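Here's the structure we're looking at; comments come further down.
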Amino acid sequence: MRVRTFFASIAILTLSTTVAFADGPFQVKPNEFDPGKTFLVQAAWLSGIGCPTAAKIAVPNADFTGIASFSTYTDTACDTGDIKDKQNEGLLLVKTGPTLTNFAAAGATLEGVKGTTLTELGYDIRKPGASTQDPRGSQCDADSPRFNITTSTGFYFLACNSPPPTTTTPGIGWMRLRWGNGSAGSVQGYLNGATLSAITGEVKTVEIVFDEGQDVAPTNFGEAILDNIDVNGTLVGRGPTDAN
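Just remember that our numbering sits 3 ahead of the position in the sequence shown, which is counted from 1.
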């Protein structure tokens, strides 16, 4: 819990811009917390790095001199996705260098979720294999990437493998991670970073925080790529803006 406790103030002080719930999907707005202007963190939605759902691919001709035809490609982890994502966007979160000795983080604010009650939460993460603890691919451990969730009943952490996802759907280069089973009280997190508890009450803010650098084993990568951010079964796989 050391990292998540150390950086708890980041979400509370700098990433709380959630607006009232509106018609239609919520938004996922990238943010960078870098008060020292270290330029060692990055958060942005980028085209071409997301989990492909019926993405168009160009099939080469026999001698690889041109295109023979077009087809589609889907990673089996994301057979469903954000239908409005036309450029296969993914959310890039990076922290270069050390973790605890650099007060900086990448993240995103979920706008338009205020007042909801959580029944499901999750994202797709660019990572091969079937285990969130596989050292290959995106960072995914007990601290990052994580949801920081404030509701009318308290402040909760929910990280990539702590608590473990309710369901994990492995694909070719991605995993779909989901917490909760669609019913109120089924999403669990760590209340005040310490006690595993059902996340109850009405949502005030939800943030995604990535604050681990390249000194965290076993991945030592300092980077994660997410897609299809899921709140109560609604998927958002594109961004309204790049990071501030």
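Beta carbons: idealized from backbone N, C-alpha and C, even for Gly. From a predicted model like this one, the values you see are computed outputs, not experimental measurements.
{"Asked": "Within 8 Å, strictly: CB atoms of Arg-181 and Cys-81", "Found": "no"}
{"Asked": "Thr-203 versus Thr-75, Gly-118, Asn-91 and Leu-43, residue with shortest Cα-Cα distance", "Found": "Gly-118"}
{"Asked": "Closest Cα partner of Leu-161 within the set Ser-155, Cys-143 and Gly-176", "Found": "Cys-143"}
{"Asked": "Test item: CB-CB of Ala-220 and Leu-96 under 8 Å", "Found": "no"}
{"Asked": "Among Asp-230, Arg-241, Ala-47 and Leu-113, the one whose alpha carbon lies nearest that of Asp-129", "Found": "Note on identity: in this sequence residue 129 is Arg, with Asp being the wrong assignment. That would be Asp-230, whose Cα lies nearest to the Cα of Arg-129."}
{"Asked": "Residue range of the beta strand (DSSP E) that includes Leu-238", "Found": "237 to 239"}
{"Asked": "Delimiting residues of the beta strand (DSSP E) encompassing Trp-182", "Found": "178 to 182"}
{"Asked": "Contact under 8 Å by Cβ, Gln-217 with Thr-99", "Found": "yes"}
{"Asked": "Cβ distance (whole Å) where Phe-29 is taken to contact Glu-114 below 8 Å", "Found": "6 Å"}
{"Asked": "Residues that DSSP places opposite Gly-3 in a beta bridge", "Found": "The first residue shown for the chain is 4 and the last is 247, placing residue 3 beyond what the model contains."}
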